[in-house]
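Its first residue numbered 590, the sequence shown is counted upward by one per residue in the working numbering.
Where is the CB? At the ideal position from N, CA and C, for every residue including glycine.
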Amino acid sequence: MKGFARKDLLFSLCGLNCGLCTMRLGGHCPGCGGGAGNQSCAIARCSLEHGGVEYCWRCGEFPCGRYAGIDAYDSFITHQNRMADMEKARRIGPAAYQAEQREKQGILRFLLENCNDGRRKGFFALAVNLLELEGLRSAVEQLAAEPGERSSKEKAAHAAALLQALAGQRGVELKLRKKPGTCKS
């Protein structure tokens with residue numbers, strides 16, 4: 590979108606953790622305001638119409654009608670915690686939130702480089718998005734300390750089981766929630 594650019598490419602206007610998105614990781618999206626790519630976002634246009642606010646929560650009209658039911662369903666990235674993540678970023682400040690996101694990116698990078706059997710990218714991105722940093726740190730420490738004789742398939746299954754157990758302890762379901770009627774046959 591002409592005239593739209595942002596400095597924070599880890600956290601979108603609307604609360605998506607772009608730095609943990611599989612589309613971004615795959616090079617298919619530059620992130621909110623990051624250059625060429627999906628720049629036709631209605632929320633980006635709205636930001637321009639409201640003085641170029643960096644984050645929606647800084648707009649005097651937030652939360653507006655665009656946010657009705659925003660956490661109800663997911664697309665290729667989890668939308669589940671958008672409102673909570675925006676509230677956290679507002680409370681601790683964008684710089685502190687970005688620092689957490691950079692650490693989560695490092696955890697995701699570790700999982701993808703050391704525990705991925707080629708089929709877990711989406712699952713690991715979802716887990717890192719939804720789980721708290723403290724639990725993720727613990728899981729990665731455990732995975733890093735284990736002997737390296739396992740196959741990639743065994744490492745992936747073990748990492749997934751650790752993350753599922755952590756999610757279960759926290760009452761988090763590690764699954765994208767699709768809108769009814771959007772399932773592919």
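1) In the structure shown, what three-state DSSP assignment does Y686 receive?
2) State the Cα-Cα distance for the pair L765 and L725, rounded to the nearest angstrom.
3) L720 and A756 - do their beta-carbons sit closer together than 8 Å?
4) For S774, which residues of its own chain have a beta-carbon under 6 Å away from its beta-carbon, when the five flanking residues on both sides are left out?
5) Pop quiz: K767 and D660 are said to be a contact at Cβ under 8 Å. What is the actual Cβ separation, rounded to whole angstroms?
6) Counting beta carbon pairs with one atom in the region 630–642 and one in the region 732–743, are three or more of them shorter than 8 Å?
7) Check whether the Cβ atoms of L700 and F713 lie closer than 8 Å to each other.
8) Cβ atoms of Q690 and G760: under 8 Å apart, would you say?
9) Could you give the DSSP three-state label for A734: helix, strand or coil?
Looking at the atomic coordinates:
1) Reduced to three states, the DSSP call for Y686 is helix.
2) In this structure, the straight-line span from the alpha carbon of L765 to that of L725 is close to 19 Å.
3) Yes.
4) Any reading at S774 is ruled out, since the residue's pLDDT is 46, under 50, leaving its predicted position unreliable.
5) Incorrect: roughly 14 Å between the Cβ atoms, too far for contact.
6) Contact annotation: the region 732–743 does not touch the region 630–642, with fewer than three C-beta pairs closer than 8 Å.
7) Yes. Within cutoff.
8) Result no, Cβ atoms of G760 and Q690 do not sit closer than 8 Å.
9) It is helical.
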